[in-house]
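Basically my numbering = 1-based index in the first sequence + 1.
Here's the structure, in structure tokens; my notes come after.
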Amino acid sequence: MATPGSIRVYNTMTNQKEVLQPLRPGKLGIYVCGPTVYSYVHIGNARSFTSFDTVVRYLRYRGFEVTYVRNYTDVDDKIINAAKEQGEPAQELAARFVREFEADARAMHLLVPDHSPKVTETIPEILALVQKLVANGVAYEAQGDVYFEVGKWPGYAKLSKRNLEDMQASERATTGEQKRAPLDFALWKAAKPGEPSWDSPWGKGRPGWHIECSAMASKFLGETFDLHGGGLDLIFPHHENEIAQSEAGFKKTFCNVWMHGGFLDLDGAKMSKSLGNVVRLRDALTQIDAEALRYFFLSTHYRSPLAFTDKSLADAESRMEYFYETLRKVDARTSNQDFGAGPLHGDPSKWVTDFEACVDDDFNFAGALGILSGLFATMNELMDKPPVKDKPMIGRTLKALRAVVGKISLVLGLFEDEPGAWLLRRRDRQVKARGIDQAKVEALLNDRRAAREKKDFAASDQIRDALKAMGIESMDTPQGTTWKVLG
RNA sequence: GGCGGCAUAGCCAAGUGGUAAGGCAAGGGUCUGCAAAACCCUCAUCCCCCGGUUCGAAUCCGGGUGCCGCCUCCA
């Protein structure tokens with residue numbers, strides 16, 4: 002269990018880091034805005050979901066009992082439009098992309114949330130909240146639509162800190178002619194023919210965009226909860242509206258801490274579906290290992306922009322190769338071995354302490370990866386250039402450090418594979434991607450082995466050059482020759 | 001125009017008052033038949049610019065420049 006008050010989180014509401022104070026001791030509720038399921042998620046979405054995934058993992062690691070909710074918005078204009086375009090019923094299209102999202106999430110090693118509510122399964126709660134808002138005098142009905150009346154809610158824009166007059170001056174939205182004021186937003190929309198709809202006190206209709214999160218969050222986490230996450234672009238209007246609806250409806254603070262993740266940039270601009278500069282997660286995962294992608298995401302603080310380039314991706318994967326290669330060697334030397342009891346070289350727990358100190362400070366995983374580097378370098382040093390002669394001590398220390406890696410890997414969602422399997426899978430993918438003839442590689446390696454046994458180094462080196470020309474690096478070790486695809 | 005964020009070595013990137021983590025690249029070394037891998041060493045007197053506060057600032061304040069985002073769907 003974390004020392005009370007040891008974790009600090011940047012809160013968008015107050016624009017500063019705050020000590021995390023759970024509403025209920027030892028427990029935390031977190032709501033993360035999930036996907037609107039009208040197409041495949043892109044890697045910018047994936048970055049955001051990965052950020053909050055590691056946040057939840059860390060809070061649990063720190064001993065909190067976390068209730069993690071991430072929704073699916075499965076009724077929405079974009080879904081209806083996509084369904085029309087593709088000639089597929091809206092609910093079928095939405096259900097299909099829920100399944101696709103789940104597959105992507107599994108591929109990225111994302112935790113399965115405790116609750117993954119869908120809008121279509123939350124209609125009674127949504128209707129109840131809308132009715133409450135009408136009853137409280139902050140919402141009004143107009144020709145089957147129901148709108149939230151921003152002017153009736155003094156706290157509006159407290160998250161985004163906008164000035165209502167300035168916003169009205171630049172208000173471009175002209176939809177919803179029934180609105181009394183441009184900033185008013187729809188809680189409930191009258192159904193048009195052919196659209197998904199539900200019965201309501203205002204006739205057939207469907208929820209507006211923002212109301213579902215208020216309803217789903219309160220349904221599973223209560224009317225006040227601890228943490229709410231999403232991308233920076235959701236601050237306004239989505240989260241602003243969530244707050245207005247919830248607080249005007251329930252008459253209490255909606256959420257204590259608002260966390261927002263930075264964007265993934267491609268060619269200097271935010272990756273977004275509307276700009277069209279998107280890389281689908283599943284396409285990226287044919288090029289890069291999922292854990293390497295996670296590592297790439299974690300290498301920059303979650304609130305900072307992260308530039309997506311082929312080079313940074315390749316760097317991330319080579320780094321993962323280094324980590325896994327190290328783990329493979331450590332495992333080979335320590336598994337099923339008893340080094341007896343006795344002192345260790347150095348203090349392995351120091352790595353844990355440093356890691357926690359880093360991540361406690363607003364989930365600074367980027368800083369924590371620096372600590373991880375030191376930990377891996379130490380294991381390599383112990384194996385290759387041990388600073389002590391005591392072999393059992395080295396073995397015990399390696400085992401202890403390996404255990405630390407295991408602990409940390411649960412938080413990062415990295416090193417979840419068996420090292421040998423990971424390395425082989427990566428190599429297979431590279432071989433396939435580059436069209437390398439693996440049988441030919443094996444044959445050449447056999448020839449080279451024979452040449453080396455005869456001490457015919459000229460022939461051996463010649464074969465190595467031939468392999469290099471094919472993009473293959475051969476590596477001689479005391480256990481024999483291995484090979485890898487050149488980066 | 002309003003609001004918010006960012007600017008750290010060739011590149012990526014931590015660090016929010018006490019004198020610059022880590023990674024990549026580069027150079028040197030150990031190991032190796034030679035390599036690769038691994039390890040060691042070197043690599044920012046300085047953190048966009050100009051002022052200010054302070055014993056002390058990359059870190060705080062003021063001004064400027066540049067970039068990005070939100071204000072319309074968006075993680």
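C-beta atoms are modelled at their ideal positions from N, C-alpha and C, and glycine is treated no differently.
C-beta contact flag for residue i and residue j at 8 Å
i, j, result
"Pro23", "Phe65", "yes"
"Gly490", "Ser374", "Here the chain comprises residues numbered 2 to 488, so residue 490 is not present and cannot be evaluated."
"Ala367", "Thr301", "yes"
"Ala293", "Ala317", "yes"
"Met321", "Tyr303", "no"
"His43", "Lys274", "yes"
"Val33", "Val76", "no"
"Thr15", "Phe364", "no"
"Phe340", "Arg397", "yes"
"Val242", "His261", "The residue you asked about is not Val; residue 242 is Asn in the sequence shown. No, these two residues do not count as a Cβ contact at 8 Å."
"Ile8", "Asp418", "no"
"Lys201", "Ser247", "In the sequence as displayed, the identity of residue 201 is Ser instead of Lys. It is not a contact, given that the beta carbons lie outside the stated cut-off."
"Phe102", "Pro208", "no"
"Val131", "Ala143", "no"
"Asn72", "Trp259", "no"
Where residue i sits in the DSSP three-state scheme
i, result
"Thr482", "strand"
"Cys214", "helix"
"His110", "coil"
"Trp199", "strand"
"Ile127", "helix"
"Pro208", "strand"
"Leu165", "helix"
"Val38", "coil"
"Trp189", "strand"
"Arg430", "helix"
"Asp266", "strand"
"Val389", "coil"
"Glu248", "helix"
"Met476", "strand"
"Leu424", "helix"
"Val76", "coil"
"Asp157", "The identity of residue 157 in the sequence shown is Tyr, whereas the question assumes Asp. Note: Tyr157 maps to coil in three-state DSSP."
"Lys180", "coil"
"Ala174", "Residue confidence for Ala174 is low, a pLDDT of 47 falling below 50, so the modelled location carries little weight and cannot support an answer."
"Met272", "coil"
"Asn489", "Residue 489 lies beyond the stretch modelled for the chain, which goes from 2 to 488, so this question has no answer here."
"Leu413", "helix"
"Leu487", "coil"
"Lys253", "coil"
Extent of the continuous alpha helix (DSSP H) to which residue i belongs
i, result
"Asp385", "Phe366 to Asp385"
"Arg63", "That residue, Arg63, is in no alpha helix (DSSP H); it is neither H nor E in DSSP."
"Ile464", "Phe458 to Ala470"
"Arg25", "Premise fails: Arg25 is in no alpha helix (DSSP H) and is neither H nor E."
"Asp362", "No alpha helix (DSSP H) contains Asp362, which DSSP labels as neither H nor E."
"Asn447", "Gln439 to Glu454"
Rounded distance between the beta-carbons of residue j and residue i, thought under 8 Å
i, j, result
"Met217", "Pro118", "4 Å"
"Arg403", "Val331", "5 Å"
"Ile437", "Val486", "7 Å"
"Phe264", "Pro306", "5 Å"
"Leu282", "Tyr39", "That belief does not hold up - the Cβ atoms of Leu282 and Tyr39 are roughly 15 Å apart, past 8 Å."
"Asp227", "Lys190", "Their Cβ separation, rounded to whole angstroms, is 31 Å, which puts Asp227 and Lys190 out of contact at 8 Å."
"Val513", "Leu222", "An answer regarding residue 513 cannot be provided, because it is not within the stretch 2 to 488 covered by the chain."
"Ile80", "Val57", "Not really, about 27 Å apart at Cβ, beyond 8 Å."
"Met384", "Pro344", "Going by Cβ atoms, the distance from Met384 to Pro344 rounds to 19 Å, so no, they are not a contact pair."
"Pro197", "Gln92", "6 Å"
"Lys501", "Gly138", "Here the chain covers residues 2 to 488 and nothing more, so residue 501 does not appear."
"Arg450", "Thr482", "6 Å"
"Leu424", "Arg329", "6 Å"
Residue i Cβ short of 7 Å to the ligand HEM heavy atom set
i, result
"Pro23", "Of ligands this structure carries none, so the ligand HEM is not represented either."
Limits of the beta strand (DSSP E) - the one that residue i falls within
i, result
"Tyr69", "Glu66 to Arg71"
"Gln144", "Here Gln144 belongs to no beta strand (DSSP E), and DSSP marks it neither H nor E."
"Val10", "Arg9 to Asn12"
Exercise for the section: Return the chain-ordered ranges of every beta strand (DSSP E) run that is complete within the segment 283-359 and spans a minimum of 3 residues. Expected result: With a minimum length of 3 residues, no continuous beta strand (DSSP E) run stays inside the segment 283-359.
Problem - Complete beta strand (DSSP E) runs within the segment 215-246 (minimum length 3 residues, chain order) - result: Counting only runs of 3+ residues, the beta strand (DSSP E) found wholly inside the segment 215-246 occupies 226-232, in chain order.
Problem - Whole runs of the alpha helix (DSSP H) within the segment 78-107, excluding any shorter than 4 residues - result: 78-87
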